[in-house]
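Taken in sequence, the protein lines are chains A and B. To convert, note that position 170 of the first sequence is 170 in our numbering; the numbers rise steadily by one, no gaps. To convert, note that position 52 of the second sequence is 1052 in our numbering; the numbers rise steadily by one, no gaps. Even for Gly, the Cβ is constructed at its ideal location relative to N, Cα and C. Structure record follows, encoded as structure tokens.
Protein chains: 2
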Amino acid sequence: MDVRTLCLGVLSLGERSGYEIRKTVEGALGHFFDAGFGSIYPALNRMAKDGDVTVTAIGQEKRPDKKVYRITQKGRLALAEALIQVPAKDRLRSEFLVVMLFSEILSAGQLGARLDENIRLHRQIAKGLEACKNDCVPWGAQRLTPGMRFVTGYGVAMHKAAADYIEENRHLLEAPAVLAGRNAAD
Amino acid sequence: MDVRTLCLGVLSLGERSGYEIRKTVEGALGHFFDAGFGSIYPALNRMAKDGDVTVTAIGQEKRPDKKVYRITQKGRLALAEALIQVPAKDRLRSEFLVVMLFSEILSAGQLGARLDENIRLHRQIAKGLEACKNDCVPWGAQRLTPGMRFVTGYGVAMHKAAADYIEENRHLLEAPAVLAGRNAAD
DNA sequence: AAACTATATATCTAGCCGATATATATGGAA
DNA sequence: TTCCATATATATCGGCTAGATATATAGTTT
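Below is the structure:
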């Protein structure tokens, strides 16, 4: 599954420009499958070439022209075909955890700061997703589907679990840091 | 942060071959930062060229020769420098959630199967990590550091939270599927 | 004999991330 | 006035990576 499938999925919610696709990804589903312009635009070009989407250039006032993409019937079949495949395993990449793994090289102050930042970030994301739970605007859709509710709730639950774990277990890292007298200034 | 930092970190636990680094990643820390041969070997070559690691070729009986890598003092400095940077945000990629987002295209049977598989997988991983909690073998180390305990515990907590959420909320997706009469055979 | 598993190294290619560039427009700070 | 920031837009580049593939040595199973 690649960004093409993601774009086809977003376009199945309604036509939009590459920029708008990015906005939808960013606002509604980037917490479990992110994609930037560097991959969205090439994907859109490939799909346009393959006939999975059509593209219409539109001039705008006070704003640059935009290209609006619409999914084709061929694209809908491609989307469905991709979605019935066995999904690959979830993959997480956490630099924070790599740093925690080797946290003995941090001073107690640096360690505390990293832990605080990460907790704050998780709680912030959880809060943002919680606010989106009953809001179809980030999806650029007219209504929320069960799928949208499910994945948003998933994000809330997971980010809360992460923040909770870090809060409850930070002592595992901080106590040894203090005992070892790692007080060097940041 | 890239795979070089990860390899330096693993090598800071003790010298090992590229294959052994992969085994350590796979067995102990791949749940939060994975890396395959396609990125480990090029990274090792770059670091050997840069002087961050030394490499010693060793012949073996009944097995192919191997190259053992050892972190240098320069490599230790590079590792420390990388670890005190502000880590990038965690990034998750979940094809499962993409499928759930657009799950209306699945039959009730397919949906149930995907949910079951994912729950089983999360629980399996949580169980595997739980078994590793007090085991330094997967790390190829002599003892467990606070960091190792922390990250392993994190994995357990997160995979459990994921499985729990899916179990408790699957009805959000399955009830509409049944109501809509999506009973097509898989 | 072929397939599978384990231990090993190595590489290829399609895809992606993050940065960068450009364009149109507005507003605020130096 | 210039720079910076923000928003709306499209586009691309280069370094990195995932997954597949290849090769080698050896043993076990079908």
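Any chain B beta carbon closer than 8 Å to residue i
{"i": "residue 178 (chain A)", "result": "no"}
{"i": "residue 32 (chain A)", "result": "yes"}
{"i": "residue 1 (chain A)", "result": "yes"}
{"i": "residue 38 (chain A)", "result": "no"}
{"i": "residue 137 (chain A)", "result": "no"}
{"i": "residue 25 (chain A)", "result": "no"}
{"i": "residue 146 (chain A)", "result": "yes"}
{"i": "residue 72 (chain A)", "result": "no"}
{"i": "residue 89 (chain A)", "result": "yes"}
{"i": "residue 77 (chain A)", "result": "no"}
{"i": "residue 98 (chain A)", "result": "yes"}
Secondary structure of residue i, DSSP reduced to three states
{"i": "residue 67 (chain A)", "result": "strand"}
{"i": "residue 39 (chain A)", "result": "helix"}
{"i": "residue 58 (chain A)", "result": "strand"}
{"i": "residue 46 (chain A)", "result": "helix"}
{"i": "residue 91 (chain A)", "result": "strand"}
{"i": "residue 103 (chain A)", "result": "helix"}
{"i": "residue 53 (chain A)", "result": "strand"}
{"i": "residue 1004 (chain B)", "result": "helix"}
{"i": "residue 16 (chain A)", "result": "strand"}
{"i": "residue 9 (chain A)", "result": "helix"}
{"i": "residue 1032 (chain B)", "result": "coil"}
{"i": "residue 1022 (chain B)", "result": "helix"}
{"i": "residue 177 (chain A)", "result": "helix"}
{"i": "residue 86 (chain A)", "result": "coil"}
{"i": "residue 1076 (chain B)", "result": "helix"}
Buried versus exposed call for residue i [16 or more other C-beta atoms within 10 Å across all chains shown]
{"i": "residue 1042 (chain B)", "result": "exposed"}
{"i": "residue 1052 (chain B)", "result": "buried"}
{"i": "residue 90 (chain A)", "result": "buried"}
{"i": "residue 1037 (chain B)", "result": "exposed"}
{"i": "residue 118 (chain A)", "result": "buried"}
{"i": "residue 1143 (chain B)", "result": "exposed"}
{"i": "residue 1088 (chain B)", "result": "exposed"}
{"i": "residue 86 (chain A)", "result": "exposed"}
{"i": "residue 948 (chain B)", "result": "Nothing about residue 948 (chain B) can be reported from this structure: the residues present for chain B run from 1001 to 1186 only."}
{"i": "residue 1171 (chain B)", "result": "exposed"}
{"i": "residue 1077 (chain B)", "result": "exposed"}
{"i": "residue 131 (chain A)", "result": "exposed"}
6 Å CB neighbourhood of residue i in its chain, flanking five on each side removed
{"i": "residue 1056 (chain B)", "result": "1068"}
{"i": "residue 177 (chain A)", "result": "108 and 111"}
{"i": "residue 18 (chain A)", "result": "40, 41 and 44"}
{"i": "residue 129 (chain A)", "result": "152, 155 and 156"}
{"i": "residue 180 (chain A)", "result": "none"}
{"i": "residue 186 (chain A)", "result": "In this predicted model, residue 186 (chain A) has a pLDDT of only 46, less than 50, meaning its place in the structure is not dependable; the value taken from the coordinates is given anyway. 109 and 110, listed in sequence order."}
Proximal residues to residue i (C-beta, below 8 Å), its chain only, five neighbours per side dropped
{"i": "residue 11 (chain A)", "result": "21, 53, 69, 70, 71 and 75"}
{"i": "residue 33 (chain A)", "result": "6 and 25"}
{"i": "residue 133 (chain A)", "result": "149, 152, 153 and 156"}
{"i": "residue 1060 (chain B)", "result": "1066"}
Proximity test, residue i beta-carbon vs the ligand MG heavy atom, cut-off 7 Å
{"i": "residue 1148 (chain B)", "result": "The model on display carries no ligand, and the ligand MG is accordingly not part of it."}
Close Cβ partners of residue i (< 7 Å) along its chain, the five nearest in sequence each way excluded
{"i": "residue 1148 (chain B)", "result": "1139"}
{"i": "residue 1009 (chain B)", "result": "1079"}
{"i": "residue 99 (chain A)", "result": "114"}
{"i": "residue 103 (chain A)", "result": "111 and 173"}
{"i": "residue 1058 (chain B)", "result": "1065, 1066 and 1068"}
Min CB distance residue i to chain A below 8 Å
{"i": "residue 1142 (chain B)", "result": "no"}
{"i": "residue 955 (chain B)", "result": "Summary: the structure shown does not reach residue 955 (chain B), with chain B confined to residues 1001 through 1186, and so no result is reported for it."}
{"i": "residue 1063 (chain B)", "result": "no"}
{"i": "residue 1111 (chain B)", "result": "no"}
{"i": "residue 1165 (chain B)", "result": "yes"}
{"i": "residue 1154 (chain B)", "result": "yes"}
{"i": "residue 1151 (chain B)", "result": "yes"}
{"i": "residue 1119 (chain B)", "result": "no"}
{"i": "residue 1011 (chain B)", "result": "no"}
{"i": "residue 1123 (chain B)", "result": "no"}
{"i": "residue 1021 (chain B)", "result": "no"}
{"i": "residue 1006 (chain B)", "result": "yes"}
If we require 4 or more residues per run, which alpha helix (DSSP H) segments fall completely within the region 1107-1170 of chain B? 1108-1132 and 1146-1169
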